[in-house]
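Participant: Residue numbers (the numbering used here): 46 to 268.
Structure provided below as structure tokens; questions to follow.
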């Protein structure tokens, strides 16, 4: 597979995911609940599911720096390609946030991840949410560049589930790029550090736990 095509797929997929998810949050904000929390959660789950099926066989549909790092840690993705994937994902998220800002200027947060609890509790929750997400991803995917037939449904459902119950607390990011984009464009950058560090630590523990359960089955090299 052409690496440039994989980069383009990662950009489009990440852009679409961040745009649709944060746009739903922005619309809900400016309409004072017109979509509702449930609607926002469903939007996140559906766009993730759609992008996985659209680009999973091209780029692996990471759309998330933490997931890319997790696959590399699991030896399913070469470390040398991680920087490019992460940069593309972050640039896509920033571009999506600028589009949300242009379309919905009345939105103050632009879908930024802002915890409603103290940072320590928010950190622990984001860590656990990302752990659950990566456990699902690494067990339903067949490799960093392939997806199983149920991967899109499984991963999209986990995103929806976590957004449903944790959204009101931390906005359920589980994705450094998804948090970086709105934070830089909206200016809500104070809690950004926890949305970068907690997901990365969460995916690393998920990969380690996979090794405990499946020995080396989920850590075969697939580059």
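Where is the CB? At the ideal position from N, CA and C, for every residue including glycine.
No experiment lies behind these values; they were computed from the predicted model shown.
(1) Just mark residue 130 as buried or exposed, buried being the case when its beta carbon has 16 or more other beta carbons within 10 Å.
(2) Kindly give me the distance between the Cβ atoms of residue 63 and residue 223, rounded to whole angstroms, as I take these residues to be in contact under 8 Å.
(3) Which of helix, strand or coil does DSSP assign to residue 184?
(4) Assuming residue 101 is part of the alpha helix (DSSP H), what are its boundary residues?
(5) Sorted by chain position, which residues of the same chain lie with C-beta nearer than 6 Å to residue 108's C-beta, five sequence neighbours on each side aside?
(6) So, is residue 148 buried or exposed, given that buried needs 16 or more other C-beta atoms within 10 angstroms?
(7) Count the other CB atoms, across all protein chains shown, that sit within 10 Å of the CB of residue 288; report buried if there are 16 or more and exposed otherwise.
(8) Can you list, in chain order, the residues of its chain with a C-beta nearer than 6 Å to that of residue 52? Leave out the 5 residues immediately preceding and following it.
(9) When we look at the beta-carbon of residue 89 and count the other beta-carbons within 10 Å, is it buried (16 or more) or exposed?
(10) I'd like the span of the alpha helix (DSSP H) that includes residue 140, first residue to last.
(11) Would you decide whether residue 71 is buried or exposed? Buried here means 16 or more other CB atoms lie within 10 Å of its CB.
(12) Could you check whether the Cβ of residue 149 sits closer than 6 Å to any heavy atom belonging to the ligand COA?
(13) Straight-line CA distance for residue 258 to residue 81?
(14) Give me, in chain order, the residues of the same chain whose beta-carbon lies closer than 7 Å to that of residue 268; leave out the 5 immediate sequence neighbours on both sides.
(15) Given 8 Å as the limit, is there contact between the stretch 101-116 and the stretch 226-238, that is, 3 or more CB pairs closer than that?
(16) Taking 7 Å as the threshold (C-beta atoms), are residue 113 and residue 127 in contact?
(17) Please say whether residue 249 and residue 118 have beta carbons closer to each other than 7 Å?
(18) If you draw a straight line from the C-alpha of residue 48 to the C-alpha of residue 106, how long is it?
Facilitator: With the given structure in hand:
(1) As a working mapping, residue 130 is identified with position 85 in the chain shown. Buried.
(2) Taking the chain shown and counting its residues from 1, the one referred to as residue 63 is at position 18. Taking the chain shown and counting its residues from 1, the one referred to as residue 223 is at position 178. Going by Cβ atoms, the distance from residue 63 to residue 223 rounds to 5 Å, so yes, they are a contact pair.
(3) Here residue 184 corresponds to residue number 139 of the chain shown, with the count starting at 1. Three-state DSSP puts residue 184 in a helix.
(4) For the purposes of this step, residue 101 is identified with residue 56 of the chain shown, where counting begins at 1. Here the alpha helix (DSSP H) through residue 101 covers 81-104.
(5) As a working note, residue 108 is residue 63 in the chain shown. The residues are 58, 59, 62.
(6) For the purposes of this step, residue 148 is taken as the residue at position 103 of the chain shown. Exposed, because fewer than 16 other Cβ atoms sit within 10 Å of the Cβ of residue 148.
(7) Residue 288 is absent from the structure shown; the chain starts at 46 and stops at 268.
(8) Here residue 52 refers to the residue found at position 7 of the chain shown. Within the same chain, residue 52 has close Cβ partners 133.
(9) Taking the chain shown and counting its residues from 1, one reaches residue 89 at position 44. By the 10 Å Cβ count, residue 89 comes out buried.
(10) The residue given as residue 140 occupies position 95 in the chain shown. Element bounds for residue 140: 127-148.
(11) The count along the chain shown starts at 1 and reaches residue 71 at position 26. Counting Cβ neighbours within 10 Å, residue 71 comes out buried, since at least 16 surround it.
(12) Inclusion of the ligand COA in the displayed structure is not the case, the ligand content being empty and no account of it being possible.
(13) Your numbering for residue 258 matches position 213 in the chain shown. Your numbering for residue 81 matches position 36 in the chain shown. Approximately 39 Å between the Cα atoms of the pair.
(14) Taking the first residue of the chain shown as 1, we reach residue 268 at position 223. In this predicted model, residue 268 has a pLDDT of only 43, less than 50, meaning its place in the structure is not dependable; the value taken from the coordinates is given anyway. Closer than 7 Å at Cβ, skipping near neighbours: 122, 123.
(15) no
(16) Here residue 127 corresponds to residue number 82 of the chain shown, with the count starting at 1. Here residue 113 corresponds to residue number 68 of the chain shown, with the count starting at 1. For residue 127 and residue 113, yes; Cβs fall inside 7 Å.
(17) Counting from 1 along the chain shown, the entry for residue 118 is found at position 73. Counting from 1 along the chain shown, the entry for residue 249 is found at position 204. For residue 118 and residue 249, yes; Cβs fall inside 7 Å.
(18) Position 3 of the chain shown, counted from the start, is the residue given in the question as residue 48. Position 61 of the chain shown, counted from the start, is the residue given in the question as residue 106. Distance between the alpha carbons of residue 48 and residue 106 is about 13 Å.
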